[in-house]
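Asks: If you count by the numbering used here, then the sequence shown holds residues -15 to 219, one letter each, in order. By construction, the Cβ of each residue, glycine as well, lies at the ideal position given by its N, Cα and C atoms. These numbers come from a predicted model, not from an experiment.
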Amino acid sequence: MEGNTVESLLQLQEMDNVIASRQARLRALQVEADQLVSELKQLEKEKLSRSARLEEVETDLRHAERTVQAGRATLKRLQGRAQEVHNMREHAAARAEVDAARQNLEAAEDDLLDAMQDQETARSALTDLEGDIASREQEYGDRLAELDAERKRLEEEIAIGLDKRSNRALRIDESARTLYDMVRRGRTDSPLAPLLDGVCGHCYTAIPLQTQQVIRAGRVLVVCETCGVILHVTE
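(1) Hey, how far is the Cα of Ile142 from the Cα of Ala133?
(2) Identify the continuous beta strand (DSSP E) that holds Ile142 and give its terminal residues.
(3) Cβ of Leu(-4) within 8 Å of Cβ of Arg149?
(4) Tell me the rounded alpha-carbon separation between Ala12 and Arg6.
(5) Taking a contact to mean a Cβ-Cβ separation below 8 Å, would you say Leu27 touches Arg120 in this structure?
(6) His186 by DSSP, collapsed to three states: which one?
(7) Can you check whether the CB of Arg79 is closer than 8 Å to the CB of Ala91?
(8) Just list the residues that DSSP pairs Val207 with in beta bridges.
(9) For the stretch 188 to 202 and the stretch 157 to 175, state whether three or more C-beta atom pairs, one from each stretch, are separated by less than 8 Å.
(10) Of all the options Leu179, Ser174, Glu209, which has the alpha carbon lying nearest to the alpha carbon of His216?
(11) To the nearest angstrom, report how far apart Leu45 and Val15 are at their CA atoms.
(12) Cα-Cα, which of Asp173, Thr(-11), Met(-1) is closest to Gly145?
(13) Mark Val167 as exposed unless 16 or more other C-beta atoms lie within 10 angstroms of its C-beta, in which case mark it buried.
(14) Using C-beta distances below 7 Å, list every residue in its chain close to Gln103, excluding the 5 sequence neighbours before and after it, in chain order.
(15) Nearest to Arg86 by alpha carbon, out of Lys60, Leu97, Thr111?
(16) Give a yes or no on whether the C-beta atoms belonging to Ile214 and Val207 are separated by under 8 Å.
(17) May I ask which residues mark the beginning and end of the beta strand (DSSP E) holding Pro178?
(18) Quick check on the burial criterion: 16 or more other C-beta atoms within 10 angstroms. Buried or exposed for Leu96?
(19) Rounded to whole angstroms, what is the Cα-Cα separation between Ser35 and Leu110?
(20) Which of the three DSSP states is assigned to Glu(-9) in this structure?
(21) Hey, would you say Leu32 sits closer than 8 Å to Leu138, going by beta carbons?
(22) With a 10 Å radius around its C-beta and 16 neighbouring C-beta atoms as the bar for buried, classify Met(-15) as buried or exposed.
Written as structure tokens, this is what we have:
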């Protein structure tokens, strides 16, 4: 009976390992999907930031344009006034006003050029990012679709595997099944290990001769006192 029980437990272990492998893959798929979605959200967040930056520099640009226009009007007005002076003192004063206005205009025009450059830089950065987002959305969208298809397939395979596992477990001696489940919930995902040349096939601890005889007799299930796996003999 023991031989049949061990064989059944080994089959159950194989089924559990397949299910566990698929469940691990399912978790990995979810991690990858979450990462892709997170990256897309981060890109959208960066897009909002760059859009805000573009709006900011365009506001500065409009302000710089108005400043230049005002500076040009002021300079023109002062130049006209300078033509109407009647003596050297008034001429010197008018000339000083014109020179100051010209300097202010030059500074404003420099600020305008800087603002135009900032606008071009911000616009280019936003355009580049929008292109990257479009490319990523296509690439990530395709990958997410693949992940979803694989996820559905795995979930179906896991459900079928769990159903088969349940049916298999019902045909195993209850005490043996209880021991198996207890060991599996413990320190190892492989509840059974072979007895190899007098040592545990899992932790390689030497098994006492008397215990080896009990295992080979095949009347009861024996667990390794060191790692807790169920020991069995191989053909």
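Replies: In brief:
(1) Within the sequence shown, residue 142 is the residue found at index 158, counting from 1. Within the sequence shown, residue 133 is the residue found at index 149, counting from 1. Answer to the nearest angstrom: the Cα atoms are 14 Å apart.
(2) By one-based count along the sequence shown, residue 142 stands at place 158. Note, Ile142: premise wrong, no beta strand (DSSP E); alpha helix (DSSP H) at 72 to 154.
(3) Taking the first residue of the sequence shown as 1, we reach residue -4 at position 12. Taking the first residue of the sequence shown as 1, we reach residue 149 at position 165. It is a contact, given that the beta carbons lie within the stated cut-off.
(4) The residue given as residue 12 occupies position 28 in the sequence shown. The residue given as residue 6 occupies position 22 in the sequence shown. Computed Cα separation, rounded: 10 Å.
(5) Position 43 of the sequence shown holds residue 27. Position 136 of the sequence shown holds residue 120. In contact: Leu27 and Arg120 (Cβ atoms closer than 8 Å).
(6) Here residue 186 corresponds to residue number 202 of the sequence shown, with the count starting at 1. Coil, per DSSP.
(7) To locate residue 91, count along the sequence shown from 1; it is residue 107. To locate residue 79, count along the sequence shown from 1; it is residue 95. Not closer than 8 Å, so no.
(8) What you label residue 207 is simply residue 223 of the sequence shown in a count that begins at 1. Answer is Ile214.
(9) no
(10) Start at 1 with the first residue of the sequence shown, and residue 216 comes out as number 232. Residue Leu179 is the option with its Cα nearest to His216.
(11) Here the question's residue 45 lines up with position 61 in the sequence shown. Here the question's residue 15 lines up with position 31 in the sequence shown. Rounded to whole angstroms, Leu45 to Val15 spans 44 Å at the Cα level.
(12) If you number the sequence shown from 1, residue 145 lands on position 161. Checked all of Asp173, Thr(-11), Met(-1); the closest Cα to Gly145 is Met(-1).
(13) As a position in the sequence shown, residue 167 is number 183, starting the count at 1. Classification of Val167: buried, given that the 10 Å Cβ count is 16 or more.
(14) Residue numbering aside, residue 103 sits at position 119 when the sequence shown is read from its first letter. Only Val41, Glu42, Leu45 meet the Cβ criterion.
(15) To locate residue 86, count along the sequence shown from 1; it is residue 102. Ranking Lys60, Leu97, Thr111 by Cα distance to Arg86 puts Lys60 first.
(16) One-based indexing of the sequence shown puts residue 214 at position 230. One-based indexing of the sequence shown puts residue 207 at position 223. For Ile214 and Val207, yes; Cβs fall inside 8 Å.
(17) Position 194 of the sequence shown, counted from the start, is the residue given in the question as residue 178. That run of the beta strand (DSSP E) goes 176 to 180.
(18) Taking the first residue of the sequence shown as 1, we reach residue 96 at position 112. It counts as buried.
(19) Numbered from 1 along the sequence shown, position 51 holds the residue referred to as residue 35. Numbered from 1 along the sequence shown, position 126 holds the residue referred to as residue 110. Rounded to whole angstroms, Ser35 to Leu110 spans 7 Å at the Cα level.
(20) One-based indexing of the sequence shown puts residue -9 at position 7. Here Glu(-9) sits in helix by DSSP.
(21) In the sequence shown, residue 32 corresponds to position 48, counting from 1. In the sequence shown, residue 138 corresponds to position 154, counting from 1. Against a cut-off of 8 Å, the Cβ pair of Leu138 and Leu32 comes out as no contact.
(22) Here residue -15 refers to the residue found at position 1 of the sequence shown. Here the model assigns Met(-15) a pLDDT of 40, short of 50, so the residue's position is not dependable, and the following value carries that caveat. Under this definition Met(-15) is an exposed residue.
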